[in-house]
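The numbering of the sequence shown is this note's numbering, which starts it at 1 and goes up by one.
Every residue, glycine too, gets a C-beta built ideally from N, C-alpha and C.
So the structure is just underneath, and the comments pick up after that.
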Amino acid sequence: MTTPLTVEQLKPRLGQLTLIDVRSPGEYAVGHIPGALNIPLDQLDRALPALRDAAEQNELAVVCAAGPRADDACRRLAAAGIPTLTLTGGTNAWSGAGQQLDRAAGARAVWSMDRQIRFVAGSLVLAGVLVGLARPRARWVSAAVGAGLSSSALTDTCAMGSMLAKLPHNRPRPGGPTLDDTLAALGR
1 MTTPLTVEQL KPRLGQLTLI DVRSPGEYAV GHIPGALNIP LDQLDRALPA LRDAAEQNEL
61 AVVCAAGPRA DDACRRLAAA GIPTLTLTGG TNAWSGAGQQ LDRAAGARAV WSMDRQIRFV
121 AGSLVLAGVL VGLARPRARW VSAAVGAGLS SSALTDTCAM GSMLAKLPHN RPRPGGPTLD
181 DTLAALGR
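Pasting the structure below:
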């Protein structure tokens with residue numbers, strides 16, 4: 001079961017719960033809620049044992065940029081029997097309410113994952129249409145992207161997001177926290 005929290009409800013509880021940020025390491029480095037630990041959504045299954053142990057010690061709250069990835073993580077955690085809290089509106093709501101974000105030294109701005117997905121999908125569709133003017137078969141690229149986006153919506157998964165998460169700017173920064181560091185902080 002997942003319980004939503006507002007910024008006003010989360011702020012006084014930060015020291016009392018375990019806060020997990022499921023965004024990519026690049027997004028996390030640019031700005032995260034103080035005390036949040038980074039477990040990228042694509043690494044959540046690997047972290048389940050540590051998260052189960054952490055949930056036995058403190059309440060577990062999950063956050064992302066705006067909410068969809070946190071909702072996905074909460075569904076997966078609930079399926080594993082782990083109750084969660086989630087911040088309505090995510091890190092965007094937190095910073096929009098004037099709350100402080102911690103930033104990694106030297107971190108540069110990285111587009112959010114949903115923005116990266118929209119850019120890549122839109123570019124592929126546009127390329128398929130433009131190249132399709134000269135080579136009609138290229139329109140199938142646009143059709144494939146459309147089918148992928150529809151499938152993504154129906155299954156509430158995103159293959160393109162999983163692929164983009166592997167790009168260097170979305171991976172952990174040298175010297176930054178790794179998933180193993182986060183699991184160690186959780187006591188695993």
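Could you please give me the residues that DSSP links to residue i through a beta bridge?
i	result
HIS32	ASP102
ASN38	ASP21
Take the Cβ of residue i as the centre, count every other Cβ of all protein chains shown within 10 Å, and call the residue buried at 16 or more, exposed below.
i	result
ALA153	exposed
ARG23	buried
MET1	exposed
THR91	buried
ARG137	exposed
ASN170	buried
SER151	exposed
GLY15	exposed
GLY187	exposed
GLU56	exposed
ALA144	exposed
PRO49	exposed
GLY192	Any question about residue 192 goes unanswered here, given that the chain covers just 1 to 188.
ARG115	exposed
PRO168	exposed
Could you spell out where the alpha helix (DSSP H) holding residue i opens and where it closes?
i	result
PRO49	44-57
ILE117	113-134
ASP71	68-79
ASP181	179-185
LEU154	139-155
PRO170	Rather than Pro, the amino acid found at residue 170 in this sequence is Asn. That residue, ASN170, is in no alpha helix (DSSP H); it is neither H nor E in DSSP.
ALA93	90-96
By how many angstroms is the C-alpha of residue j removed from the C-alpha of residue i?
i	j	result
ASP181	LYS166	19 Å
ASP102	GLY132	46 Å
THR84	LEU17	10 Å
ALA134	TRP140	13 Å
ARG52	ILE82	6 Å
LEU37	ASP21	6 Å
MET163	PRO177	21 Å
ALA104	VAL110	12 Å
GLY146	THR155	14 Å
GLY160	ALA73	Checking the displayed sequence, the identity of residue 160 turns out to be Met instead of Gly. Using only the alpha carbons, I get a separation of about 17 Å.
ASN8	GLY98	Residue 8 is actually Glu in this sequence, not Asn. If I take the Cα positions, the gap works out to 11 Å.
LEU5	GLY89	9 Å
GLN100	MET113	22 Å
LEU60	ALA47	13 Å
VAL129	CYS158	23 Å
Taking the continuous beta strand (DSSP E) assigned at residue i, which residues delimit it?
i	result
THR3	2-5
LEU85	84-87
Legend entry - Cβ contact (3+ pairs, closer than 8 Å) linking the segment 115-135 and the segment 42-52: Not touching, per the Cβ criterion.
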